[in-house]
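Let me begin by presenting the structure, written as structure tokens, before commenting on it.
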Amino acid sequence: MNPEKLKKLQAQVRIGGKGTPRRKKKIVHSTPATDDKKLQSSLKKLSVNTIPGIEEVNIIKNDGTVIHFNNPKAQASLPTNTFAITGHGENKTITEMVPGILTQLGPQDINQLKKLATEIANKSAAGGAAGAGAGADAGDDDVPDLVENFEEVAIAGAKAADEKAGEVAASA
12 MNPEKLKKLQ
22 AQVRIGGKGT
32 PRRKKKIVHS
42 TPATDDKKLQ
52 SSLKKLSVNT
62 IPGIEEVNII
72 KNDGTVIHFN
82 NPKAQASLPT
92 NTFAITGHGE
102 NKTITEMVPG
112 ILTQLGPQDI
122 NQLKKLATEI
132 ANKSAAGGAA
142 GAGAGADAGD
152 DDVPDLVENF
162 EEVAIAGAKA
172 ADEKAGEVAA
182 SA
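Quick note: the sequence shown uses this note's numbering, first residue 12, plus one each step.
Printed below as a string of structure tokens:
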């Protein structure tokens, strides 16, 4: 046969069986739902189990950002050392998560904590220096000096309340 004819025939390969039209390429339709089904079937092969009762998941990256999941679906397979977290994840910085995330930080995150501490110290020093000049004089006027012993005043107030209670009981 002629090599040119063979090349033409090879270029026009049928995708289906007999009676299907010849096409240049195969079109594959994929939707996100099929991707999710494939992922779930792969996880099922690894025999993962759903872990109930997880309220939040924080994944801490090396650059100091945190991927935060609220109420995720967590699945795990301990023999294969596989964990799957599905849900809506938000990228946040460690500074946004500080009060609640301190217990989750490890020794490798000490550098991020040092940076955070220096930033807070710089902010408070800058704010304190600006307010120290005008605020120091005004702050003294707001707080009265302690003149007498506050414990004696509290004891005297308690005695007065007891005397009034006794008078009310006697008049009744």
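Think of the CB as a built atom: it goes at the ideal place given N, C-alpha and C, for glycine as much as any other residue.
Values in this document were obtained by computation on a predicted structure and should not be read as measured data.
- Of the candidates I70, I105, L89 and N92, the residue whose Cα lies closest to the Cα of P83 is I70.
- A contact between stretches requires three or more CB pairs, one per stretch, nearer than 8 angstroms, and the segment 79-93 meets this requirement with the segment 46-65.
- For the pair F80 and I105, the CB atoms are not nearer than the 8 angstroms cut-off.
- Collapsing the DSSP output to three states places V59 in coil.
- In the DSSP assignment, F80 is bridged to V68 and G100.
- In terms of Cα proximity to P90, the closest of K48, L54 and N133 is L54.
- About 5 angstroms separates the beta carbons of Q123 and G75, which is inside the 8 angstroms limit, making them a contact pair.
- Closest option to Q115, judged by alpha-carbon separation, among Q51, K16, E162 and K72: K72.
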